[in-house]
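Below you'll find the structure, written out as structure tokens, and then a few comments.
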Amino acid sequence: MKLRSLILPVAVVSSALSTSWICAADPIASTAPGFDRSFVHAAATAAPQTNSDPAALAAILKKMDAVSASFRTAQAEFEWDNYQKVIDEIVDVQTGTIYYRRAGKEIEMMADVKKAGTSASALKPEPKYVLFSEGKVRMYQPKPDQVTVYDLGKDRADLESYIVLGFGGSG
2 MKLRSLILPV AVVSSALSTS WICAADPIAS TAPGFDRSFV HAAATAAPQT
52 NSDPAALAAI LKKMDAVSAS FRTAQAEFEW DNYQKVIDEI VDVQTGTIYY
102 RRAGKEIEMM ADVKKAGTSA SALKPEPKYV LFSEGKVRMY QPKPDQVTVY
152 DLGKDRADLE SYIVLGFGGS G
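The opening residue of the sequence shown carries number 2 in the working numbering; numbering runs sequentially from there.
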């Protein structure tokens, strides 16, 4: 399952907001791997669709909205392709597992990036954890042992609505 669109919020957040650097002794360093284990995993699968029938799409979206009321957790494998329009090519590919959790009205998302490279055929192990919760995006990179925190502030609602598209969110 390709989730190309989820790289956008992280890229927008990282380029548009001020960044604060904190040491990896911060609780997020231990939270990132623990966040994964705290989920009751519900696998989310998607079959590629070749039919572009608008009625079929409307039916699928209606079903997704109906089950969104009981949505609590989801998990999927992803491939993020970072496309640069100026040079018209994909400059970075990252793969891993993404998790979603709804706790009351709060939405949390965690991406466990396992591999990265300049193309799908050139992927190398490069772990990274991206966590969205409590209005902040936290990115932990084990190699430099560093946590980067992006405080979303007034942009929190925009990112949350983008993250929950397909799970009862509007966009």
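Just so you know, even glycine gets a beta-carbon here, dropped at the ideal spot from N, CA and C.
The structure presented is a predicted model; accordingly, all values stated were derived computationally and were not measured.
query: Boundaries of the alpha helix (DSSP H) in which V68 is found, first to last residue; result: P55 to S69
query: Where Q85 falls, given that 16 or more other Cβ within 10 Å makes a residue buried; result: exposed
query: 3-residue-minimum beta strand (DSSP E) runs that sit fully inside the stretch 115 to 143, ordered along the chain; result: 125 to 134 and 137 to 142
query: Touching by the beta-carbon criterion (3+ pairs, under 8 Å), the stretch 76 to 90 and the stretch 52 to 63; result: no
query: Assigned exposure category for A117 - 16 Cβ within 10 Å defines buried; result: buried
query: R102, DSSP secondary structure in three states; result: strand
query: V87: first and last residue of the uninterrupted beta strand (DSSP E) it sits in; result: From DSSP, V87 is part of no beta strand (DSSP E); its letter is neither H nor E.
query: Pair within 8 Å by beta-carbon distance, M111 and Y141; result: no
query: Beta-carbon gap between V94 and S120 smaller than 8 Å; result: yes
query: Cβ pair L153, K137 closer than 8 Å; result: yes
query: Three-state secondary structure (DSSP) of D146; result: coil
query: Outcome for E107 when other beta-carbon atoms lying within 10 angstroms are tallied against a minimum of 16; result: exposed
query: Option nearest W1 by Cα separation, candidates A70, F72, G97 and S71; result: Here the chain has residues from 2 to 172 only, and residue 1 is not among them.
query: Environment of D113 [buried if 16+ CB atoms lie within 10 Å]; result: buried
query: Inter-residue Cα distance where the pair is V148 and R102; result: 21 Å
query: Sequence-distant residues of the same chain with beta carbon closer than 6 Å to E1, five excluded per side; result: Summary: the structure shown does not reach residue 1, with the chain confined to residues 2 through 172, and so no result is reported for it.
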